[in-house]
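All the letters of the sequence shown, read from the start, carry residue numbers 14 to 322 under the working numbering.
All residues carry an ideal CB built from backbone N, CA and C; glycine is no exception.
First comes the structure, then the notes that go with it.
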Amino acid sequence: MPKSTLVANEDTPRGFAFALAAYLLWGFLPFYMKAVAHIPAVEVVAHRVIWSVPIAAAVLILLGRTQDIKVALRTPRTLMMGFLTASIITVNWGIYVWAIGAGRTVEAALGYYINPLFSIFLAAVLLKEKLDGLQKLSIALAVVAVALLAWETGGVPWVSVGLAGTWGFYAFFKKSLPVGPNQGFFLEVLILTIPALGYIAYLEASGSGHFGETGMADVLLLLGCGLVTAVPLMIYANGAKLLRLSTIGIMQYIAPTMIFIIAVFVFKEPFGIYKLAAFGLIWVSLAIYSVSLLRSHKARRAAALLTTG
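This is how it looks when you write it as structure tokens:
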């Protein structure tokens, strides 16, 4: 079997280690976001953008992939797609940072649990992909879970829906960005740098910023936003290439599970009967989705063996 085929269809220990590291870093991220909760979410997002640029640039230089960025900057379609994905991920980051600071980490966890189900829904609606019975059932259960939370709160649980929706659309449009994941991330933060710098300059000039005026602790925390943003994304990008889609599909539950545990048992956020019922429905729907994912993978593998055999 050719080496490229093996890498594409089989898990590798290196890929598993990369993906696990990324999901664990994302799982612990609420602690960092709690540490910057006294800083407005928009300011935190601006610093996430700015301090991600040198880290992403250093990775591309080490990989020798800077030429891809030069080509992208000269291609209007790539720039437009980069602007679109950059805008969507900015909204996602903003919702997440705000939710942790506002004591709504449980809703954030639910949003990332819903995300894979929203992604297959998007594929069905926008790409006309056919859903099997298990996938339809899993989506229906997720809708019921959201409806339960809406009933409890008297309105749409916009943190959960917003995070699932923005990440789902980000992943959907990211596939159309004709550069690699590391290059795409650098392009996105590069596009966002000018408005982010402008906003921070305005805050510092007006005396309402937190980069220097409120002590060295805030400076270090804001500088660290680049690390906690860029490092997991780039580790994940490299790990995903060395794992099967079904493996990534199962491993993506690691981060929201950690976020949920931190929210309930560390942050002591309220977790009443409606939230319990909603999460129960989501966990059941994800179990059903996982069965469907593994079943379809086995079917494709069997078909591939018949074709090559």
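Residue of the options minimising C-alpha distance to residue i
i	options	result
Ala250	Gly193, Pro269 and Thr227	Gly193
Ala204	Val66, Gly262, Ala158 and Gly114	Residue identity differs from the one stated: residue 204 is Ile in this sequence, not Ala. Comparing Cα-Cα distances from Ile204 to each of Val66, Gly262, Ala158 and Gly114, the minimum goes to Val66.
Val55	Tyr287, Glu282, Ala290 and Ala209	Ala209
Ile152	Gly211, Tyr126 and Leu236	Tyr126
Ala290	His51, Trp64 and Ala163	Ala163
Tyr212	Leu86, Trp180, Ile68 and Pro53	Pro53
Leu190	Thr88, Phe31, Arg61 and Arg117	Thr88
Met247	Val169, Gly114, Val202 and Ile113	Val202
Where the alpha helix (DSSP H) containing residue i begins and where it ends
i	result
Ile113	Pro89 to Gly114
Ala50	Looking at the DSSP string, Ala50 is not in any alpha helix (DSSP H), and its letter there is neither H nor E.
Gly9	An answer regarding residue 9 cannot be provided, because it is not within the stretch 14 to 322 covered by the chain.
Val159	Gly146 to Thr166
Gly175	Trp171 to Lys187
Ala268	Ile267 to Ile274
Leu86	Thr79 to Leu86
Simplified DSSP state of residue i, which is helix, strand or coil
i	result
Glu56	helix
Arg117	coil
Ser221	coil
Gln196	helix
Thr206	helix
Gly28	helix
Pro15	Note that Pro15 has pLDDT 39, beneath the 50 cutoff, so the model's placement of it is unreliable and no number is given.
Leu37	helix
Phe278	helix
Phe292	helix
Lys143	coil
Phe284	coil
Glu23	coil
Classification of residue i by the beta-carbon crowding that lies within 10 angstroms, buried from 16 upward
i	result
Val49	buried
Pro269	buried
Phe44	exposed
Thr1	The structure shown does not extend to residue 1, since the chain is modelled only from 14 through 322, so no value can be given for it.
His51	exposed
Met14	Low confidence applies to Met14: its pLDDT is 36, below 50, so where it sits in the model is not reliable enough to give any reading.
Thr166	exposed
Leu19	Unreliable positioning characterises Leu19 in this predicted model, as indicated by a pLDDT of 40, which lies under 50. The coordinate reading is nonetheless provided below. Leu19 should be labelled exposed.
Val279	exposed
Ala312	exposed
C-beta neighbour in chain D for residue i, strict 8 Å
i	result
Lys254	In the structure shown, chain D does not exist; there is a single protein chain.
Check: Are three or more beta carbon pairs between the segment 65-83 and the segment 192-206 nearer than 8 Å?
Finding: yes
Item checked: At least three beta-carbon pairs within less than 8 Å, the segment 300-314 to the segment 147-155 -> yes
Margin query: I want to know whether the segment 94-102 touches the segment 180-190 - three or more CB-CB distances under 8 Å.
Written below: yes
Check: Do the segment 126-134 and the segment 63-81 meet, that is, are 3 or more Cβ pairs less than 8 Å apart?
Finding: no
Next item on the list: Could you tell me whether the segment 22-37 touches the segment 170-184, where touching means 3 or more Cβ pairs closer than 8 Å?
Entry: no
Notebook entry, point to check: Pairing CB atoms from the segment 272-286 with CB atoms from the segment 32-44, are three or more of them under 8 Å?
Noted result: yes
Check: Does the segment 107-122 come close enough to the segment 227-235 that 3 or more CB-CB pairs lie under 8 Å?
Finding: no
Item checked: the segment 110-124 contacting the segment 278-292, beta-carbon criterion three pairs below 8 Å -> yes
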